[in-house]
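Asker: Take a look at the following structure, please.
Residue numbers (our numbering), protein chains in the order written: chain U, 29 to 263; chain L, 7 to 308.
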């Protein structure tokens, strides 16, 4: 017999959850949209994506404000406390992924006139696919409180890292063959890095979901080793 | 002072009584192990060891199978919904249940190794060592001075030493500065918060080892509550404190260990309390082990 006695409190927490899921969805859509603009050299489309980041910033500030209210007024404990701490950390992760989407959008104008080789284009598309998948899975894990799903994100990110390495090699091979200028090659390399970082933020989200569900962070393992070393040094 | 011997009404029997008791065979919630897991201090002395405590009021089982240890110089909080048996359990520690018609305590409570419920133990001496502060401040209809001096006088403290006892107790209860100029006035003239600190001063005037507190702040405003909470933090260096509270934030703020009790109704509709979880307070309020604890402290169960 579960009877809810703090309805308003838990409703507000659910609202924050919905806000975050919405923000994650916006980032995932943004990755797809900015990739399309990048491959099409669509500077107008890229500008729209840059402008759309304001909406994400607004949502993240509103969600943070709700978290502050919950902490100040409701004295959350246990899973409620872990949820709000997770939310606060996740807001910055998602917001930062949104900024990376914006950074890719800004690169579209700088890459104006660059002829991208099929191999480079193909790798951008695959990085797009993997970055979207990572972001969506991380948000699914959060929405469903699924620590098992969260725990596979790290392996999924390895795929993106490998794609990123392949992509960098392809970009500079393209430059060596005289297909793109050094400026464009550097710009493309930086874009690859943005995709790779989006994956890292998704992994961070997943780690926070594991904390929310279990109270443990993957960092606890390393922290325990450091603690043991510190104690040994003190002896 | 030897607490084991002094507790007995007949000291000649002490050696026999003090023979090592049977080792406990049931699963015991081991405070030190739990505390060590949470990275807290594990080398505390145990004041009370409770084994399989069942409390009956007549035929009615009020509290079932409670086994836990209370560590010295710590604040232990009992939380749980109404009827979960937390106050009933608290009253076991100084045999206050003896005063309730039909109440019976089964199981063992060892106080520094002595079984509190064996016949040779003098309940009055138990209550001197294990003092109690109640929900509603209950000063005697006497002067402030006499409220504090009452217990020590009965205990035979000399008249010449009483002034020091009164001043010392009121100082430790953080009340001295407020009342030193009106010691002869009635305790009823004090505010609710002051009356409660007076009751704490009265409890510690007889030099107890443990202070039990049953909802000591529920009748007080936030400022007075804050004072009592600060006082509890200071008192734990000298005493072991067990507190029953309905205010979970209070338990979180002031206690080292928290025991969560719940209540279960049988098919007859009789409601029996039981211990659900006993762990360091920091663990209970961040990542409790039992879903029932989590449901209660997050307000998901009425």
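Backbone N, C-alpha and C define an ideal beta-carbon position, used for all residues, glycine too. Computed from a prediction, not measured in an experiment: that's the story for all the values here.
1. What residues match up with residue 54 of chain L in a beta bridge as DSSP calls it?
2. I'd like to know if the stretch 86-97 of chain L and the stretch 264-271 of chain L are in contact, where contact means that at least 3 CB-CB pairs between them fall below 8 angstroms.
3. Do the stretch 132-140 of chain L and the stretch 177-189 of chain L touch if we need at least three Cβ pairs shorter than 8 angstroms?
4. Exposed or buried, residue 227 of chain U, counting other C-beta atoms within 10 Å across all chains shown (16 or more means buried)?
5. Counting only C-beta atoms, is residue 47 of chain L closer than 9 angstroms to chain U at any point?
6. Give me the Cα-Cα distance between residue 149 of chain U and residue 168 of chain U, rounded to the nearest whole angstrom.
7. Distance, Cα to Cα, residue 104 of chain L vs residue 128 of chain L?
8. Let me see if you follow: with CB-CB separation under 9 angstroms, is residue 33 of chain U close to chain L or not?
9. Taking the alpha-carbon positions, what's the residue 118 of chain U to residue 67 of chain U distance?
10. Run down chain U in chain order and give the residues with a C-beta less than 9 angstroms from the C-beta of residue 173 of chain L.
11. Mind checking if residue 110 of chain U is an interface residue toward chain L, Cβ cutoff 9 angstroms exclusive?
12. So which residues of chain L does residue 241 of chain U contact, with C-beta pairs closer than 9 angstroms?
13. Out of U:185, U:180 and U:223, which has the shortest C-alpha to C-alpha gap to residue 195 of chain U?
14. Where residue 27 of chain L and residue 261 of chain U are concerned, what is the direct C-alpha to C-alpha distance, given to the nearest angstrom?
15. By the DSSP assignment, the beta strand (DSSP E) with residue 286 of chain L in it spans what residues?
16. Note down the Cα distance separating residue 245 of chain U from residue 162 of chain U, rounded to an integer number of angstroms.
17. Kindly identify the DSSP beta-bridge partner or partners of residue 137 of chain L.
18. At 8 angstroms on the CB atoms, spell out the chain U contacts of residue 255 of chain L, in chain order.
19. Under a Cβ-count criterion, where at least 16 other Cβ atoms within 10 Å of its own Cβ denotes burial, should residue 146 of chain U be classed as buried or exposed?
20. Would residue 242 of chain U be called buried (16 or more neighbouring beta carbons within 10 Å of its own) or exposed?
21. Report the option in U:139, U:109, U:113 and U:126 whose CA atom is closest to the CA atom of residue 215 of chain U.
22. Using DSSP with H/G/I as helix, E/B as strand and the rest coil, what is residue 174 of chain U?
23. So, do the stretch 246-256 of chain L and the stretch 76-83 of chain L have three or more beta carbon pairs nearer to each other than 8 angstroms?
24. Could you say which of U:221, U:202, U:182 and U:218 lies nearest to residue 235 of chain U if we only look at CA atoms?
25. Please determine, among L:215, L:201, L:65 and L:223, the residue with the shortest C-alpha to C-alpha distance to residue 146 of chain L.
26. Taking only three categories from DSSP, how would you classify residue 163 of chain U?
27. With 9 angstroms as the threshold, decide whether the Cβ of residue 70 of chain L is near any Cβ in chain U.
28. I'd like to check one pair, residue 191 of chain U with residue 165 of chain U: are the Cβ atoms closer than 9 angstroms?
29. Using a beta-carbon distance cut-off of less than 9 angstroms, what residues from the stretch 260-274 of chain L approach chain U?
30. Please check if any C-beta of chain L sits within less than 9 angstroms of the C-beta of residue 107 of chain U.
31. Which same chain residues end up closer than 8 angstroms to residue 159 of chain L when comparing Cβ atoms and leaving out the 5 residues on each side of it in sequence?
32. So residue 106 of chain L is in the alpha helix (DSSP H); what residue range does that whole segment cover?
33. When the distance is taken between beta carbons, is residue 195 of chain L closer than 9 angstroms to residue 226 of chain L?
34. Give a yes or no on contact between the stretch 65-83 of chain U and the stretch 169-178 of chain U, applying the rule of three or more CB pairs nearer than 8 angstroms.
35. Consult DSSP for residue 208 of chain U and reduce its assignment to one of helix, strand or coil.
36. Which of the three DSSP states, helix, strand or coil, is assigned to residue 295 of chain L?
Answerer: In this structure, then:
1. Per DSSP, L:76 and L:117.
2. As far as the Cβ criterion goes, the stretch 86-97 of chain L touches the stretch 264-271 of chain L, which means the pair count is three or higher.
3. They do not touch, by the three-pair rule.
4. Residue 227 of chain U is buried by the Cβ-count criterion.
5. Note that residue 47 of chain L scores a pLDDT of 42, beneath 50, so its modelled location is shaky and nothing firm can be said.
6. Going by the C-alpha atoms only, they are around 28 angstroms apart.
7. About 12 angstroms.
8. Chain L, which has a Cβ nearer than 9 angstroms to the Cβ of residue 33 of chain U, makes this yes.
9. Rounded to whole angstroms, residue 118 of chain U to residue 67 of chain U spans 30 angstroms at the Cα level.
10. Those within 9 angstroms of residue 173 of chain L in chain U number zero; the least Cβ separation is about 38 angstroms.
11. Yes, because at least one Cβ of chain L sits closer than 9 angstroms to the Cβ of residue 110 of chain U.
12. The contacting residues do not exist; residue 241 of chain U stays about 10 angstroms from chain L at best.
13. Ranking U:185, U:180 and U:223 by Cα distance to residue 195 of chain U puts U:223 first.
14. Residue placement at residue 27 of chain L is poorly supported in this model, since its pLDDT is 39, which falls under 50; the coordinates still yield a value, given next. Distance between the alpha carbons of residue 27 of chain L and residue 261 of chain U is about 43 angstroms.
15. Residues 277-286.
16. So the alpha carbons of these two residues sit roughly 19 angstroms apart.
17. Per DSSP, L:217.
18. Correct list: 103.
19. That one is exposed.
20. Taking all protein chains shown into account, residue 242 of chain U has fewer than 16 neighbouring C-beta atoms within 10 Å of its C-beta and is therefore exposed.
21. Distance check between residue 215 of chain U and each of U:139, U:109, U:113 and U:126 places U:139 closest, using alpha-carbon atoms only.
22. The answer is coil: DSSP assigns residue 174 of chain U none of H, G, I, E or B.
23. Yes: at least three Cβ pairs fall under 8 angstroms.
24. Of the candidates U:221, U:202, U:182 and U:218, the residue whose Cα lies closest to the Cα of residue 235 of chain U is U:182.
25. Closest option to residue 146 of chain L, judged by alpha-carbon separation, among L:215, L:201, L:65 and L:223: L:201.
26. Residue 163 of chain U: helix per DSSP, three-state reduction.
27. Chain U, which has no Cβ nearer than 9 angstroms to the Cβ of residue 70 of chain L, makes this no.
28. Taking 9 angstroms as the cut-off, the Cβ atoms of residue 165 of chain U and residue 191 of chain U do not count as close.
29. So nothing in the stretch comes that close.
30. Interface residue, yes.
31. Around residue 159 of chain L: 168.
32. Counted as a single uninterrupted DSSP element, the stretch harbouring residue 106 of chain L is not any alpha helix (DSSP H), since DSSP gives it neither H nor E.
33. Taking 9 angstroms as the Cβ cut-off, residue 226 of chain L and residue 195 of chain L do not qualify as a contacting pair.
34. Between the stretch 65-83 of chain U and the stretch 169-178 of chain U, the count of C-beta pairs closer than 8 angstroms stays below three; the two stretches do not touch.
35. Reduced to three states, the DSSP call for residue 208 of chain U is coil.
36. It is coil, neither helix nor strand.
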